[in-house]
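Enquirer: Here it is, the structure in full.
Number of protein chains: 4
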Amino acid sequence: MPVAKSKANGKHETILAAAVRVFAEEGYFRSTVSQIAREAGVADGTIYLYFQNKEDILATFVRQHSLQFFEAFSERVKEAKTAVEKLRLLVNLHFTVAQRDRWKALVYQVEMRRSSRLMRKEIKDALKAYHDVVGQIVEEGQQEGSIRHDVQLGLVKRMIFASVDEVITTWVLAGGKYDLAALADPLVDLFLKGISSGPA
Amino acid sequence: MPVAKSKANGKHETILAAAVRVFAEEGYFRSTVSQIAREAGVADGTIYLYFQNKEDILATFVRQHSLQFFEAFSERVKEAKTAVEKLRLLVNLHFTVAQRDRWKALVYQVEMRRSSRLMRKEIKDALKAYHDVVGQIVEEGQQEGSIRHDVQLGLVKRMIFASVDEVITTWVLAGGKYDLAALADPLVDLFLKGISSGPA
Amino acid sequence: MPVAKSKANGKHETILAAAVRVFAEEGYFRSTVSQIAREAGVADGTIYLYFQNKEDILATFVRQHSLQFFEAFSERVKEAKTAVEKLRLLVNLHFTVAQRDRWKALVYQVEMRRSSRLMRKEIKDALKAYHDVVGQIVEEGQQEGSIRHDVQLGLVKRMIFASVDEVITTWVLAGGKYDLAALADPLVDLFLKGISSGPA
Amino acid sequence: MPVAKSKANGKHETILAAAVRVFAEEGYFRSTVSQIAREAGVADGTIYLYFQNKEDILATFVRQHSLQFFEAFSERVKEAKTAVEKLRLLVNLHFTVAQRDRWKALVYQVEMRRSSRLMRKEIKDALKAYHDVVGQIVEEGQQEGSIRHDVQLGLVKRMIFASVDEVITTWVLAGGKYDLAALADPLVDLFLKGISSGPA
DNA sequence: CATGAATGAGTATTCATTCAT
DNA sequence: CATGAATGAATACTCATTCAT
Numbered sequence: 289m290p291v292a293k294s295k296a297n298g299k300h301e302t303i304l305a306a307a308v309r310v311f312a313e314e315g316y317f318r319s320t321v322s323q324i325a326r327e328a329g330v331a332d333g334t335i336y337l338y339f340q341n342k343e344d345i346l347a348t349f350v351r352q353h354s355l356q357f358f359e360a361f362s363e364r365v366k367e368a369k370t371a372v373e374k375l376r377l378l379v380n381l382h383f384t385v386a387q388r389d390r391w392k393a394l395v396y397q398v399e400m401r402r403s404s405r406l407m408r409k410e411i412k413d414a415l416k417a418y419h420d421v422v423g424q425i426v427e428e429g430q431q432e433g434s435i436r437h438d439v440q441l442g443l444v445k446r447m448i449f450a451s452v453d454e455v456i457t458t459w460v461l462a463g464g465k466y467d468l469a470a471l472a473d474p475l476v477d478l479f480l481k482g483i484s485s486g487p488a
Numbered sequence: 289m290p291v292a293k294s295k296a297n298g299k300h301e302t303i304l305a306a307a308v309r310v311f312a313e314e315g316y317f318r319s320t321v322s323q324i325a326r327e328a329g330v331a332d333g334t335i336y337l338y339f340q341n342k343e344d345i346l347a348t349f350v351r352q353h354s355l356q357f358f359e360a361f362s363e364r365v366k367e368a369k370t371a372v373e374k375l376r377l378l379v380n381l382h383f384t385v386a387q388r389d390r391w392k393a394l395v396y397q398v399e400m401r402r403s404s405r406l407m408r409k410e411i412k413d414a415l416k417a418y419h420d421v422v423g424q425i426v427e428e429g430q431q432e433g434s435i436r437h438d439v440q441l442g443l444v445k446r447m448i449f450a451s452v453d454e455v456i457t458t459w460v461l462a463g464g465k466y467d468l469a470a471l472a473d474p475l476v477d478l479f480l481k482g483i484s485s486g487p488a
Numbered sequence: 289m290p291v292a293k294s295k296a297n298g299k300h301e302t303i304l305a306a307a308v309r310v311f312a313e314e315g316y317f318r319s320t321v322s323q324i325a326r327e328a329g330v331a332d333g334t335i336y337l338y339f340q341n342k343e344d345i346l347a348t349f350v351r352q353h354s355l356q357f358f359e360a361f362s363e364r365v366k367e368a369k370t371a372v373e374k375l376r377l378l379v380n381l382h383f384t385v386a387q388r389d390r391w392k393a394l395v396y397q398v399e400m401r402r403s404s405r406l407m408r409k410e411i412k413d414a415l416k417a418y419h420d421v422v423g424q425i426v427e428e429g430q431q432e433g434s435i436r437h438d439v440q441l442g443l444v445k446r447m448i449f450a451s452v453d454e455v456i457t458t459w460v461l462a463g464g465k466y467d468l469a470a471l472a473d474p475l476v477d478l479f480l481k482g483i484s485s486g487p488a
Numbered sequence: 289m290p291v292a293k294s295k296a297n298g299k300h301e302t303i304l305a306a307a308v309r310v311f312a313e314e315g316y317f318r319s320t321v322s323q324i325a326r327e328a329g330v331a332d333g334t335i336y337l338y339f340q341n342k343e344d345i346l347a348t349f350v351r352q353h354s355l356q357f358f359e360a361f362s363e364r365v366k367e368a369k370t371a372v373e374k375l376r377l378l379v380n381l382h383f384t385v386a387q388r389d390r391w392k393a394l395v396y397q398v399e400m401r402r403s404s405r406l407m408r409k410e411i412k413d414a415l416k417a418y419h420d421v422v423g424q425i426v427e428e429g430q431q432e433g434s435i436r437h438d439v440q441l442g443l444v445k446r447m448i449f450a451s452v453d454e455v456i457t458t459w460v461l462a463g464g465k466y467d468l469a470a471l472a473d474p475l476v477d478l479f480l481k482g483i484s485s486g487p488a
C-alpha cells in the first residue's frame, strides 16, 4: 500500500526534524531556511516542495505534535477510571513526552509563540484542545463528586494548563537537568488540594 | 538636585510610551524604529541618544514596569496581616494594573517574550522577583500555619505565577472585554483550596 | 520517408500551441515552463526533449510563424500583376492573418520583442524577410513606373513595415474589437499618395 | 530658492543617469539594482530612498524624458508657421534628441517596452501625447488646405509615429553609425507625397 | 520517450544603526 | 542635543534546467 508520494521517501519528515533542531538551537526568527536545508541535507529549493514557506514548517510541526499528543492521550486515558486518575495521566503524559524529546518541547513551548498570523490559529487550536480535555475531566469529576462544583471552569482550565506549561518551560530552559516526570504527581496534588493547610 | 539629564525634557519617557503603543499594535518584530520615532515625534537618530538599540527600549520598559509593580506591592502589602491576605493583595494588584493599561499589559505579557539575549535577563529578573515575593508569602504562611508544609515551593511559585499570567494574557488577547479584577479572589481560592471536594 | 521523430506524435506542436496561449495570457517573462507543461499536458522535463530552453520555444514559434506567412504570401502573390497590387496583397494578408488568430498575433507582435540574445536573430530574420519583400515590390514598381525613383528604399521599407506593425499591435492590444482587415486599403493609399493634398 | 530637499544634492538625478546607462548596456531585466547603485556610487539601500522600486526608476525616466521632449517641442514649434513646417520640426527634433544621447534613446525606444503594469501607463501617456501632437498638426493642415481630408486620422497618426520610432530604433540598434537627423526631411517627404509616382 | 523530484544560483527589498551637519 | 540621509548586511523565495528512474 503506497503512501502519499511526496512523503514516500520521508523527505517531509527529514526536513521537519531538521527544522525542529535548528529552531531549538537558534530560535525561530534567527533560523534561516538555508540552515534548515543544510541540516536536512537537501537544497534550499527543496524545502519549498514540501512546505509553503518558513512559517508553514513551524505550523506543521505544531499541528502534528499536538495531534500526536492527543492521540496518545486518547489511547492511554482508557486505563483511567476516575477523573482524578485521568488528570494525573494527562499531566504525566505531558511531562513524559516533553522529557523524551527536549528539542521538540523547546520549540513547542517557546518558539511556537513567536510567529504570527498563521501560527495564531495553530496555537489557538492546540490550546483549545487542551482546555477541552481538562474541561471534560473536571466536569466528569464534578459528576463523580470528586471535584467541587463551586469553581469557575475557565479559571481551572487556565490554572492547570498554565502551570503544566510553565513547569515544562522552566525545565526546558534549565537544560533538562532534573527529572521532570517526577513533578507530575506533586503538581496534580496542588491542583487538587491547594496550598491551604486548614479545611479551608 | 538635578535629575538625570536624559530624562530632563521627558524625551526618554515620550519615546518609551510611543514604543509601547507601537509594540502593542504591531508586535515587537514587525515594529520599526522609524515608526517609533514618528509616533514619538522625534528623528530616528534621536532614539539612539536615549536607548542603545531597539531591544533596549523593550528591556527598559520591562525593567521599569516590573519595578513600579513591586514598589506598589511593597507599599500596599503593609495593609495585609496574614500571608493569605498578602497573596490576595498580590493577585489583585496584578490584575488591577493590567486592567488599568491594557497596552502596557499586552507588551509585558506577550511581546516581552519574543525578543532574545538581552531580554532573557530582564524576563528572568522579573520572574525571579515575582517568585521571590510568592516564596516569601508561602513561607510566611507556613510559619503562620495557614499553608501546608508538604508542598514543593518551586511548584507553588510556578503554579501561582503561571496561572495569574495566563489569566491576564487571555484577558489581554480577548481585547479586555470582561472584568479582570473580579477573577482575583476566585483564582486565589483555587490556589488555596484546590479543586478537590473531599477533605483531601 | 519518415518525418522528424520529434514531430511524429505531434507533441512538438502541442507544446508550441500551449506556449503561445500561456505567453499571450501571462507575458513571456511571467510565464513559467511548468505552466506551459501543464497547459500542454506533459511533464516539465518533456519540454526539454523538444526545445532547448524556454526562449527556444518562443524563437521556434516566431520562425515558424514567419515562414508560414511568407509561404502564404508567395502563394497568393501570383494573383497580383502590378507592384501596387502586390503591396495591397501583402498588407491585406498581414492584417487577415493577425485577425484570424489574435493570440498568435499578440505573441508575435508584443512578446517576441521582450526576449533577448537568441531572439535578436529571429527578429532580425523576420524583419529582413519582410524588408526584402517590400524592397522587391518597390523596385518592381519603380521599373513599372508606378513608384517614384527619388525615394530612399530603406526609409520606405521601414515606413511600411512599422506602420503595418503598429496598426496591428494597436488592434491586438485594444482586444481585437474592430475590423482590422478593413484598414488595409486605406493604409496602402497613405503609403502611395501620402497625406499631402497638393500635386506635391 | 531651495529646491525640493531630496533632490538638492542631485542624488535623484545621479541615480537616474546611472540607471539609464546600466539599462542601456545590460537591458532592463538583466540589470541589477546593485549594479545601478554601484554605477551611481551609492549604497543599494539609497536607491530606495529615491525610488519605490526598480521599475519606478524606469518609469520616472520615461515620464521625465517625454516631458522634456514635449516641452522642447512646444518651445520650438512657435518658429513654424504652417502645419507642414511643424511636422518637419517634430520629426527633426525627435531625431536630433535621439542622436544627442543615444543611451537615453536606447532605453526609451527599446527597454521601456519591456516592463509591465506600471510601465503600461507611462507608455500609453507618452504615445498619446505624441498622437495628440500629430493629430493637431494634421487637422491644422487640413484647415490650411495643405493636407487631404480623405485620410483616416488614426492611421496617419500611427504611420507617422511608428515610422519615426522605427527609424530611430534601427539607428540605435545599429550603433548610431550614420547621421540620423539627415533622414528627417526625406521621411517627412514620404509622409507627404507617398511613394506613388503618378498624380495618384 | 517520458517523468517530475531535486537542484541551487540569483535578487529585490527592508531596516537597525551611524555620523556629518 | 537633534537630525535624517545614507548605509549595507542579511534572507526568503522562484524557477529554468537536469537526470535518475
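In the order they appear, the protein sequences are chains A, B, C and D. Offset between the first sequence (1-based) and my numbering: plus 288. Offset between the second sequence (1-based) and my numbering: plus 288. Offset between the third sequence (1-based) and my numbering: plus 288. Offset between the fourth sequence (1-based) and my numbering: plus 288. Beta carbons: idealized from backbone N, C-alpha and C, even for Gly. Since the model is a prediction, treat every value here as computed from it, not as a measurement.
1) Chain D partners of residue 449(C), CB-CB under 8 Å?
2) Measuring only the C-alpha atoms, how far is residue 364(D) from residue 399(D)?
3) Could you compute how far the alpha carbon of residue 340(A) sits from the alpha carbon of residue 321(A)?
4) Compare the C-alpha of residue 305(D) against each of 348(D), 482(D), 332(D), 462(D) and name the closest.
5) So, is the C-beta of residue 354(B) closer than 8 Å to a C-beta in chain A?
6) List in chain order: all unbroken alpha helix (DSSP H) runs of 4+ residues lying wholly within the stretch 408-485 of chain B.
7) CB-CB under 7 Å to residue 448(B), same chain, minus the five flanking residues each way: which ones, in chain order?
8) So for residue 332(A), helix, strand or coil by DSSP?
9) Measure the Cβ-Cβ separation of residue 452(A) and residue 395(A) and say whether it is below 8 Å.
10) Go to residue 352(B), then tell me how far its alpha helix (DSSP H) extends in each direction, as first and last residue.
11) Which chain B residues are close to residue 480(A), counting only those with a beta carbon under 8 Å from its beta carbon?
12) Helix, strand or coil: how does DSSP classify residue 488(C) here?
13) Answer with yes or no whether the minimum CB distance from residue 320(B) to chain A is below 8 Å.
14) Please say whether residue 435(D) and residue 485(C) have beta carbons closer to each other than 8 Å?
15) If you drop the 5 nearest sequence neighbours on each side, which residues of the same chain put their C-beta closer than 7 Å to that of residue 359(C)?
16) Is it true that the CB of residue 455(C) sits closer than 8 Å to the CB of residue 471(C)?
17) So with CB distances below 8 Å, who are the chain D contacts of residue 446(C)?
18) Let's test the definition: count the other Cβ atoms within 10 Å of the Cβ of residue 376(C) and tell me whether it reaches 16, buried, or not, exposed.
19) The alpha helix (DSSP H) spanning residue 313(B) covers which residue range?
20) Closer than 8 Å by beta-carbon distance: list the chain B residues that pair up with residue 435(A), in chain order.
21) Could you check whether the stretch 427-441 of chain A touches the stretch 370-388 of chain A, counting it as contact only if at least three pairs of C-beta atoms, one from each stretch, sit closer than 8 Å?
22) Excluding the 5 residues flanking residue 335(B) on each side, which residues of the same chain have their C-beta closer than 7 Å to its C-beta?
23) Run down chain B in chain order and give the residues with a C-beta less than 9 Å from the C-beta of residue 311(A).
24) Does chain C have any CB closer than 8 Å to the CB of residue 383(D)?
25) Which word fits residue 437(A), buried or exposed, when buried means at least 16 other C-beta atoms lie within 10 angstroms of its C-beta?
26) Measuring CB to CB, does residue 351(B) end up less than 8 Å from residue 410(B)?
27) Could you compute how far the alpha carbon of residue 310(A) sits from the alpha carbon of residue 327(A)?
28) Check whether the Cβ atoms of residue 384(B) and residue 469(B) sit closer than 8 Å, and answer yes or no.
29) Please list, in chain order, all residues of the same chain as residue 393(A) whose beta carbon is under 7 Å from its beta carbon, the five residues on each side excluded.
30) Return no unless some Cβ of chain C is closer than 8 Å to the Cβ of residue 387(D).
31) Residue 378(A) versus chain B: which residues are under 8 Å apart at the beta carbon?
32) For a cutoff of 8 Å on Cβ pairs, would you count residue 468(C) as touching chain D?
33) Just curious, the alpha helix (DSSP H) that residue 379(A) is in, first and last residue?
34) Give the secondary structure of residue 319(C) by DSSP, where H, G and I count as helix, E and B as strand, and everything else as coil.
Expert: Quick look at the numbers:
1) Those are 454, listed as they occur along chain D.
2) About 28 Å.
3) 12 Å
4) 348(D)
5) By this cut-off, residue 354(B) is not an interface position.
6) Annotation: the stretch 408-485 of chain B contains the following complete segments of the alpha helix (DSSP H) (minimum length 4 residues), in chain order: 441-461, 472-481.
7) Around residue 448(B): 422, 479.
8) helix
9) no
10) For residue 352(B), the uninterrupted alpha helix (DSSP H) run begins and ends at 342-364, by DSSP.
11) For residue 480(A), the neighbours in chain B by C-beta distance under 8 Å run, in chain order, 482, 483, 484, 488.
12) Here the model assigns residue 488(C) a pLDDT of 44, short of 50, so the residue's position is not dependable, and the following value carries that caveat. In the structure shown, residue 488(C) adopts coil according to DSSP, grouped into three states.
13) no
14) A contact, by the Cβ cut-off of 8 Å.
15) Nothing meets the Cβ criterion.
16) yes
17) Chain-order list of chain D residues neighbouring residue 446(C): 451, 454, 455, 458, by C-beta distance under 8 Å.
18) buried
19) 299-314
20) 483, 484, 485
21) Because the criterion of three Cβ pairs below 8 Å is met, the stretch 427-441 of chain A and the stretch 370-388 of chain A touch.
22) Excluding positions up to five away in sequence, the list reads 303, 321, 324, 325.
23) By Cβ distance, chain B contributes nothing, its closest Cβ being about 13 Å from residue 311(A), past 9 Å.
24) Closer than 8 Å: no.
25) exposed
26) yes
27) 8 Å
28) Yes, these two residues count as a Cβ contact at 8 Å.
29) Cβ within range, chain order: 386, 456, 460.
30) No Cβ of chain C is located within less than 8 Å of the beta carbon of residue 387(D).
31) What residue 378(A) touches in chain B: nothing, since even the nearest Cβ is about 14 Å away.
32) no
33) 371-388
34) Correct three-state label for residue 319(C): coil.
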